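Novice: Residue numbers (my numbering), protein chains in the order written: chain A, 1 to 225; chain Y, 1 to 225.
Please read through the structure below; I'll follow up with questions.
There are 2 protein chains.
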Amino acid sequence: MAKSGTVSKIRHQGVVGPSDTRRALIDAATETLKAEGFAGASARAIAGRAGCNQGLVFYHFGSVVNLLLAALDAVSADRLEHYGTAVSGVDSPSELVEVAAAIFQEDLDAGYVSVLVAMIAGASSTPGLGPEVADRIAPWIQFAQQAVEVSLVDSWLSSAIPSQDVAVAVVALYLGLEMLTHLDGDRAPALALFEHANRFAALFASMTGPTTKDGSGETGPEEAR
Amino acid sequence: MAKSGTVSKIRHQGVVGPSDTRRALIDAATETLKAEGFAGASARAIAGRAGCNQGLVFYHFGSVVNLLLAALDAVSADRLEHYGTAVSGVDSPSELVEVAAAIFQEDLDAGYVSVLVAMIAGASSTPGLGPEVADRIAPWIQFAQQAVEVSLVDSWLSSAIPSQDVAVAVVALYLGLEMLTHLDGDRAPALALFEHANRFAALFASMTGPTTKDGSGETGPEEAR
DNA sequence: GTCTATACTTGGATAGAC
DNA sequence: GTCTATCCAAGTATAGAC
Numbered sequence: 001m002a003k004s005g006t007v008s009k010i011r012h013q014g015v016v017g018p019s020d021t022r023r024a025l026i027d028a029a030t031e032t033l034k035a036e037g038f039a040g041a042s043a044r045a046i047a048g049r050a051g052c053n054q055g056l057v058f059y060h061f062g063s064v065v066n067l068l069l070a071a072l073d074a075v076s077a078d079r080l081e082h083y084g085t086a087v088s089g090v091d092s093p094s095e096l097v098e099v100a101a102a103i104f105q106e107d108l109d110a111g112y113v114s115v116l117v118a119m120i121a122g123a124s125s126t127p128g129l130g131p132e133v134a135d136r137i138a139p140w141i142q143f144a145q146q147a148v149e150v151s152l153v154d155s156w157l158s159s160a161i162p163s164q165d166v167a168v169a170v171v172a173l174y175l176g177l178e179m180l181t182h183l184d185g186d187r188a189p190a191l192a193l194f195e196h197a198n199r200f201a202a203l204f205a206s207m208t209g210p211t212t213k214d215g216s217g218e219t220g221p222e223e224a225r
Numbered sequence: 001m002a003k004s005g006t007v008s009k010i011r012h013q014g015v016v017g018p019s020d021t022r023r024a025l026i027d028a029a030t031e032t033l034k035a036e037g038f039a040g041a042s043a044r045a046i047a048g049r050a051g052c053n054q055g056l057v058f059y060h061f062g063s064v065v066n067l068l069l070a071a072l073d074a075v076s077a078d079r080l081e082h083y084g085t086a087v088s089g090v091d092s093p094s095e096l097v098e099v100a101a102a103i104f105q106e107d108l109d110a111g112y113v114s115v116l117v118a119m120i121a122g123a124s125s126t127p128g129l130g131p132e133v134a135d136r137i138a139p140w141i142q143f144a145q146q147a148v149e150v151s152l153v154d155s156w157l158s159s160a161i162p163s164q165d166v167a168v169a170v171v172a173l174y175l176g177l178e179m180l181t182h183l184d185g186d187r188a189p190a191l192a193l194f195e196h197a198n199r200f201a202a203l204f205a206s207m208t209g210p211t212t213k214d215g216s217g218e219t220g221p222e223e224a225r
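What follows is the structure, given as structure tokens:
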């Protein structure tokens with residue numbers, strides 16, 4: 001077999017890659033957060049899902065909370081990279097809304113956002129967890145802001161709306177819709193919302209025409225102030 | 001003193017009113033949910049805050065979860081009644097946004113919405129809790145829907161936007177903003193959002209003029225479809 | 001690196017005295 | 001109704017064998 005003595009000796013964390021168990025624990029922690037929430041994400045529950053011993057949680061991560069943060073890191077990195085490729089071709093608000101709707105459905109199915117919700121809620125229960133979670137949520141807001149700015153390039157809306165505030169609203173809506181949808185299992189209202197958002201994006205775009213193509217619409221209606 | 005023998009005999013739960021301890025436990029449960037989240041809301045923590053024995057939680061409510069649901073009921077009834085009086089004079093979207101901004105600041109200061117967030121998040125951890133919480137969140141959505149409908153009476157927007165979807169969005173935004181604000185303690189972005197919402201409400205109102213006064217604006221722009 | 005075993009703590013819940 | 005005392009289950013974390 002290819003697994004000679006020297007090869008197996010190199011295979012420790014940090015050189016070739018993380019150990020299988022470490023990875024399994026992170027995945028199991030993610031799944032446990034999705035299914036059982038923060039209060040249900042104990043070392044025993046996670047290790048049981050990972051098919052290994054409970055003590056390994058502390059060997060690999062030092063504490064349960066550290067493992068949960070590692071899981072949050074993994075989900076964050078995974079999704080943000082995915083979002084980045086998804087919005088790479090977007091250059092209008094209505095396109096952005098369409099992409100966001102598709103991504104939101106993905107996240108809802110896979111339960112990625114419920115990991116964020118669980119960790120944010122859990123931050124209230126565990127001393128010192130708040131700032132750690134906040135640091136890991138910030139990139140989501142930053143990404144949303146960037147996406148909004150890119151989609152609004154050359155639009156009169158870009159001067160009317162501070163992109164940072166819109167980004168906060170988008171992430172807040174994302175988290176809130178996840179909570180409500182998760183609560184009663186009915187995703188219809190959430191999906192309907194994206195439909196309306198799409199119509200509104202088209203409406204706003206029509207108020208000055210396709211500015212990116214004819215280049216005539218520089219200013220919006222005065223009422224927008 | 002007015003507290004004669006017969007009067008004190010009537011003073012048991014359900015006739016004159018709930019016992020002091022019962023009320024104290026509900027209040028303490030609310031405070032504990034705000035401060036420690038769902039995972040930190042144990043019988044001991046709550047009883048400690050209420051200044052009574054831990055066993056009384058089970059005597060009065062049967063289980064910790066039942067007490068938490070009673071606390072959610074109390075917060076819900078309290079706030080929804082308050083909201084009702086706050087929006088009683090509203091008859092335009094921009095007025096509604098103004099009232100909502102004021103209410104949101106109140107809720108943020110008092111931490112009422114964090115009780116909802118904690119219970120929704122906790123519903124993932126406790127079997128059977130989900131539907132109970134969902135039943136208690138539904139009135140919030142229903143109230144929001146009603147408020148939106150009232151504010152849009154005679155506006156062309158009322159036919160363009162299904163009020164139920166807007167209500168879900170408003171509640172989701174409410175929950176999400178609470179989470180994000182609670183996380184890093186900075187309420188500035190949330191408050192800025194209400195400012196922008198106000199401008200947009202005014203913008204939409206201006207698109208057909210004050211329809212409730214001249215009665216001419218029945219239809220909106222075709223782009224609204 | 002992984003397992004077993006164990007110490008320690010906290011939490012839900014009940015029994016019984018007052 | 002309230003308290004003390006207690007049982008039992010579950011959780012975190014560590015020690016030590018393999």
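Glycine residues also receive a C-beta, built at the ideal position from the N, C-alpha and C atoms.
A quick note: this is a predicted structure, and the numbers were derived from the prediction, not measured.
Output needed for D253 of chain A: all residues of its chain with C-beta closer than 7 Å, excluding positions within five of it in sequence on either side, in chain order.
Specialist: Nothing can be reported for residue 253 of chain A: it is not among the residues displayed for chain A, which extend from 1 to 225.
Novice: Examine the Cβ distances between the stretch 125-135 of chain Y and the stretch 189-200 of chain Y and report whether three or more of them are shorter than 8 Å.
Specialist: Judged by Cβ distances under 8 Å, the stretch 125-135 of chain Y makes no contact with the stretch 189-200 of chain Y, as fewer than three pairs qualify.
Novice: What ranges does the alpha helix (DSSP H) occupy inside the stretch 101-152 of chain Y, keeping only unbroken runs of at least 4 residues that lie completely in it?
Specialist: Segments of the alpha helix (DSSP H) lying fully in the stretch 101-152 of chain Y: 112-122 and 129-151.
Novice: P189 of chain Y versus chain A: which residues are under 8 Å apart at the beta carbon?
Specialist: Going along chain A in sequence order, the residues near P189 of chain Y (Cβ under 8 Å) are Q164, D165 and V168.
Novice: Does DSSP put V99 of chain Y in a helix, a strand or coil?
Specialist: DSSP places V99 of chain Y in helix when its eight states are reduced to three.
Novice: With 8 Å as the threshold, decide whether the Cβ of T211 of chain A is near any Cβ in chain Y.
Specialist: Bear in mind that the predicted position of T211 of chain A carries a pLDDT of just 48, short of 50, making it unreliable; the figure below should be weighed with that in mind. So no, T211 of chain A is outside the interface.
Novice: Within this structure, are the beta carbons of A121 of chain A and G176 of chain Y separated by less than 8 Å?
Specialist: For A121 of chain A and G176 of chain Y, no; Cβs fall outside 8 Å.
Novice: Any residues in the stretch 20-41 of chain Y with a beta carbon nearer than 7 Å to a beta carbon of chain A? Which ones, in chain order?
Specialist: Within the stretch 20-41 of chain Y, the residues whose Cβ lies closer than 7 Å to some Cβ of chain A are E36, G37, F38, A39 and G40, listed in chain order.
Novice: Mind listing the chain A neighbours of V64 of chain Y? Cutoff is C-beta to C-beta under 7 Å, in chain order.
Specialist: Neighbours of V64 of chain Y on chain A: none; closest Cβ ~12 Å, over 7 Å.
Novice: How big is the Cα-Cα spacing for P162 of chain Y and D186 of chain A?
Specialist: So the alpha carbons of these two residues sit roughly 17 Å apart.
Novice: For Q54 of chain A, which residues of its own chain have a beta-carbon under 7 Å away from its beta-carbon, when the five flanking residues on both sides are left out?
Specialist: If we look at Q54 of chain A and ignore the five residues flanking it on each side, its Cβ neighbours are A43, R44 and A47.
Novice: What number of angstroms, rounded off, separates the C-alpha of L33 of chain A from the C-alpha of V87 of chain A?
Specialist: Computed Cα separation, rounded: 27 Å.
Novice: Give me the chain A residues within the contact set of D184 of chain Y, using Cβ-Cβ distance strictly less than 7 Å, ordered along the chain.
Specialist: Near D184 of chain Y (Cβ distances below 7 Å), the residues of chain A are A134.
Novice: Taking the C-alpha atoms as reference points, what is the distance between V90 of chain A and E106 of chain A?
Specialist: So the alpha carbons of these two residues sit roughly 18 Å apart.
Novice: For V153 of chain A, go through chain Y and note every residue whose CB falls closer than 8 Å to its CB, in chain order.
Specialist: Neighbours of V153 of chain A on chain Y: none; closest Cβ ~20 Å, over 8 Å.
Novice: For N53 of chain Y, which three-state DSSP category applies?
Specialist: N53 of chain Y falls in the coil class under three-state DSSP.
Novice: Can you tell me whether L68 of chain A is buried or exposed? The criterion is at least 16 other CB atoms within 10 Å of its CB, across all chains shown.
Specialist: L68 of chain A should be labelled buried.
Novice: Under 7 Å from any heavy atom of the ligand FMN, does the C-beta of V65 of chain Y make it?
Specialist: Ligands in the displayed structure: none, and consequently the ligand FMN is not present.
Novice: If you draw a straight line from the C-alpha of E31 of chain A to the C-alpha of V113 of chain A, how long is it?
Specialist: Going by the C-alpha atoms only, they are around 12 Å apart.
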